[in-house]
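Undergrad: Here you go, one structure.
In full-length UniProt numbering, the protein residues as written are 1 to 180.
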């Protein structure tokens with residue numbers, strides 16, 4: 001089962017060398033296993049990248065959905081926390097990697113179907129939270145607002161220099177949008 005391997009060393013290896021230059025030997029060394037063990041488990045580097053991407057997407061969605069379900073927080077705080085869990089938490093690693101731009105370009109050029117479907121789940125959960133907790137004017141456009149917030153968060157990752165700036169801008173944008 002692919003889950004036998006920890007995700008973090010695999011992701012760190014691809015961040016260090018880039019998806020094209022990282023070899024199965026590099027990943028195997030980071031995991032302390034043989035290259036053959038990786039090939040037996042995944043079959044190819046492409047399958048390993050797909051598995052790692054899916055693991056990151058799934059863990060990001062789980063954290064984002066948990067953020068939406070925080071009853072003690074305001075709607076704006078819950079939405080901002082969810083978007084931070086979805087994309088903000090990856091910002092430092094992408095900016096620190098010499099291959100961050102390559103990784104982002106690869107994912108934007110050919111996003112895995114699973115990532116698109118997962119983002120649709122997040123948008124639906126955010127829209128439902130807006131419908132249930134948002135001001136009356138937001139209810140009719142909850143889906144559009146949720147999608148716009150996801151796109152905005154993804155754009156902010158590239159537009160601001162650090163996570164603190166990301167969060168400040170995100171809090172401001174989410175607060176302004178749901179306050180109407």
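Yeah, the Cβ is synthetic: ideal placement off N, Cα and C, and Gly gets one too.
1. Please report whether the beta-carbon of residue 149 lies at a distance below 8 Å from any beta-carbon of chain B.
2. Output yes or no for whether 8 Å exceeds the beta carbon distance between residue 153 and residue 88.
3. Helix, strand or coil: which one does DSSP assign to residue 140?
4. List the whole-angstrom C-beta distance separating residue 75 from residue 129, where the pair is believed to meet the contact cut-off of C-beta under 8 Å.
5. Just to confirm before moving on: does the CB-CB distance between residue 38 and residue 24 stay below 8 Å?
6. Would you please state the rounded distance, in angstroms, between the beta carbons of residue 93 and residue 15? I believe it to be under 8 Å.
7. Would you kindly check if the distance between the Cβ of residue 4 and the Cβ of residue 13 is under 8 Å?
8. When we look at the beta-carbon of residue 149 and count the other beta-carbons within 10 Å, is it buried (16 or more) or exposed?
9. Straight-line CA distance for residue 22 to residue 57?
TA: The relevant details are as follows:
1. Any reference to chain B falls outside this structure, which holds one protein chain only.
2. Residue numbering aside, residue 153 sits at position 153 when the chain shown is read from its first letter. Residue numbering aside, residue 88 sits at position 88 when the chain shown is read from its first letter. Their beta carbons are under 8 Å apart, which means residue 153 touches residue 88 by this criterion.
3. To locate residue 140, count along the chain shown from 1; it is residue 140. Three-state result, residue 140: coil.
4. The residue you call residue 75 lines up with position 75 of the chain shown. The residue you call residue 129 lines up with position 129 of the chain shown. Their Cβ separation, rounded to whole angstroms, is 6 Å, which keeps residue 75 and residue 129 in contact under 8 Å.
5. Locating residue 38 in the chain shown gives position 38, counting from the first residue. Locating residue 24 in the chain shown gives position 24, counting from the first residue. Contact: yes.
6. Along the chain shown, one-based indexing puts residue 93 at 93. Along the chain shown, one-based indexing puts residue 15 at 15. Confirmed, about 6 Å.
7. Here residue 13 refers to the residue found at position 13 when the chain shown is read from its first residue. Here residue 4 refers to the residue found at position 4 when the chain shown is read from its first residue. Not in contact: residue 13 and residue 4 (Cβ atoms no closer than 8 Å).
8. One-based indexing of the chain shown puts residue 149 at position 149. It is buried - the Cβ of residue 149 has at least 16 other Cβ atoms within 10 Å.
9. The sequence position of residue 22 within the chain shown is 22, counting from 1. The sequence position of residue 57 within the chain shown is 57, counting from 1. One C-alpha to the other measures close to 20 Å.
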